[in-house]
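Q:
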């Protein structure tokens, strides 16, 4: 008879490998990466450009460019674009990040041929109508004003500025006056340079049929480069004040951000560092959660995470706490950091975290779209092809002594940038 009081045995994940991608060089120089999986008749096409914040010539130009792509082209209005996408039951959106911008199309495999001209039109022929641009500015400014009433937003904003430095692209914050002054001509000029298909990385995954490869080569591979791509900024991140306080009058809570610059994911011990961060605050049973949420009751949640980007990587501990408990919560964070530096981790705790990490990783590969997302990291971060198999191996084999050594090197409270946003001190 099944005893439901006894947990089922956990089987270790021996190894894992991503499906191999076919990589084709299109006639115009773009690279097409194809991952095939016919489990469902769905397909995802992404065009990724060096058009993120890192490459923009002025404040918020990359953001406005990405958000305006679907607001009209020379042959279609914004309404016509939306209607055509809806008619085929598809999804089309453009996202801008710190390093890159991505146009993503989801559709049934049989509809790709019908939707590909629209996909191309959005990339190559946007008109950036002034009325829609003004409306987008107004909406964005209003949203930021609302967000800046929250301690969590203000703490994260100030933390980024202090961590990277105000002149580093990852550290610059939203400037309402500069945003309002961005001209349509600036957006158009950035688009012409940054959104050239000849410099794009194209990712096609899902139920890819033989004719799709030829279709993309013909439709997306025939464009010619017009301008050179924007020159990347060459600048180092320089952290600012180690302690900062943002006053939010009348707030009942305080938001904490504690962290530092972190080794990139090309570091030889990057996977072992992930285990260390997970133990500290990377899952619900982490040390920070047990101490500051469960034992002390200072917060509903606290996390520690690593944010890898192409030009700098960050480590951050974040939480929202009762304002009266902010100092005590920070003290407990320091306590947990020092414990990791001073004491060996118990074997059962370490094994639990290893099981959690490998199991979660396997779950994140359940669809071809998730597999493609992992593969994209290898492409953009220039990682070795065995990166994820090494993740499994190093996670399984890391010991408590190695983690303590890493904590001594990277988790000293004295090395951290600390920002608190809350009421008047």
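In the UniProt record's numbering, the protein residues as written are 1 to 425. Just so you know, even glycine gets a beta-carbon here, dropped at the ideal spot from N, CA and C. It should be emphasised that the depicted structure is a prediction, and the values quoted were computed from it without experimental measurement.
Counting only runs of 4+ residues fully inside the segment 232-306, write out the alpha helix (DSSP H) ranges in chain order.
A: Complete alpha helix (DSSP H) runs here, min 4: 270-281.
Q: In the DSSP assignment, find the beta strand (DSSP E) that holds residue 25 and state where it starts and stops.
A: Counting from 1 along the chain shown, the entry for residue 25 is found at position 25. Counting along the chain, the beta strand (DSSP E) containing residue 25 begins and ends at 22-25.
Q: Which term fits residue 117, buried or exposed, when burial requires 16 or more other beta carbons within 10 angstroms of its beta carbon?
A: One-based indexing of the chain shown puts residue 117 at position 117. It counts as exposed.
Q: Using 10 angstroms around the beta-carbon of residue 83, count the other beta-carbons present and answer buried if the total reaches 16, otherwise exposed.
A: On the chain shown, residue 83 is found 83 positions in, with the first residue counted as 1. Residue 83 is exposed by the Cβ-count criterion.
Q: Work out the CA separation of residue 121 and residue 28 for me, nearest whole Å.
A: Within the chain shown, numbered from 1, the residue matching residue 28 stands at position 28. Within the chain shown, numbered from 1, the residue matching residue 121 stands at position 121. If you take the alpha carbons of residue 28 and residue 121, they lie about 17 Å apart.
Q: Does residue 126 pass the burial test, meaning 16 or more other C-beta atoms within 10 Å, or should it be called exposed?
A: As a working mapping, residue 126 is identified with position 126 in the chain shown. Buried, by the Cβ-count rule.
Q: Rounding to the nearest angstrom, what Cα-Cα distance links residue 95 and residue 67 in this structure?
A: As a working mapping, residue 95 is identified with position 95 in the chain shown. As a working mapping, residue 67 is identified with position 67 in the chain shown. Rounded to whole angstroms, residue 95 to residue 67 spans 7 Å at the Cα level.
Q: What does residue 320 pair with, by DSSP beta-bridge criteria?
A: Numbered from its first residue, the chain shown carries residue 320 at position 320. Per DSSP, 255.
Q: I need the straight-line Cα distance from residue 239 to residue 303, nearest angstrom please.
A: The count along the chain shown starts at 1 and reaches residue 239 at position 239. The count along the chain shown starts at 1 and reaches residue 303 at position 303. For residue 239 and residue 303, the distance between alpha carbons rounds to 22 Å.
Q: Quick one: what's got a C-beta closer than 7 Å to residue 97's C-beta in the same chain, skipping five residues either side?
A: The residue you call residue 97 lines up with position 97 of the chain shown. Closer than 7 Å at the Cβ level, and outside the excluded window around residue 97, lie 52.
Q: Who are the near neighbours of residue 374 in its chain, counting only those whose CB is closer than 8 Å to its CB and skipping five residues on each side?
A: Indexing the chain shown from 1 puts residue 374 at position 374. Cβ within range, chain order: 18, 364, 365, 388.
Q: Using alpha carbons as the reference points, say which of 242, 379, 370 lies closest to residue 412.
A: Stepping through the chain shown from its first residue, residue 412 is reached at position 412. Here the closest residue by C-alpha is 242.
Q: I'd like to know whether the C-beta atoms of residue 276 and residue 403 end up nearer to each other than 9 Å.
A: Here residue 276 is taken as the residue at index 276 of the chain shown, counted from 1. Here residue 403 is taken as the residue at index 403 of the chain shown, counted from 1. Yes.
Q: From this set, 20, 392, 408, which residue's C-alpha is nearest residue 205's C-alpha?
A: Taking the first residue of the chain shown as 1, we reach residue 205 at position 205. Minimum Cα distance to residue 205 is reached at 20.
Q: If you count every other CB in all the chains shown that lies within 10 Å of the CB of residue 89, and 16 or more means buried, which is it?
A: By 1-based counting over the chain shown, the position of residue 89 is 89. By the neighbour-count rule (16 or more Cβ atoms within 10 Å), residue 89 is not buried but exposed.
Q: So if DSSP puts residue 315 in a beta bridge, which residue, or which two residues, is it bridged to?
A: Here residue 315 refers to the residue found at position 315 of the chain shown. In DSSP, residue 315 forms a bridge with 260, 306.
Q: Is the number of C-beta pairs between the segment 377-384 and the segment 251-262 that are closer than 8 Å three or more?
A: Because the criterion of three Cβ pairs below 8 Å is not met, the segment 377-384 and the segment 251-262 do not touch.
Q: Counting along the chain, where does the alpha helix (DSSP H) carrying residue 93 start and finish?
A: As a first step, residue 93 must be located in the chain shown, where it is residue number 93. It is not in any alpha helix (DSSP H) - residue 93 instead sits in the beta strand (DSSP E) that spans 91-96.
Q: Within a Cβ cutoff of 8 Å, which residues of the same chain sit near residue 135, ignoring the five residues on either side of it in sequence?
A: Here residue 135 corresponds to residue number 135 of the chain shown, with the count starting at 1. Excluding positions up to five away in sequence, the list is empty.
Q: Can you tell me the Cβ-Cβ gap for residue 194 and residue 47, rounded? I've got them flagged as a contact below 8 Å.
A: As a first step, residue 194 must be located in the chain shown, where it is residue number 194. As a first step, residue 47 must be located in the chain shown, where it is residue number 47. With a Cβ gap of about 12 Å, residue 194 and residue 47 do not count as contacting.
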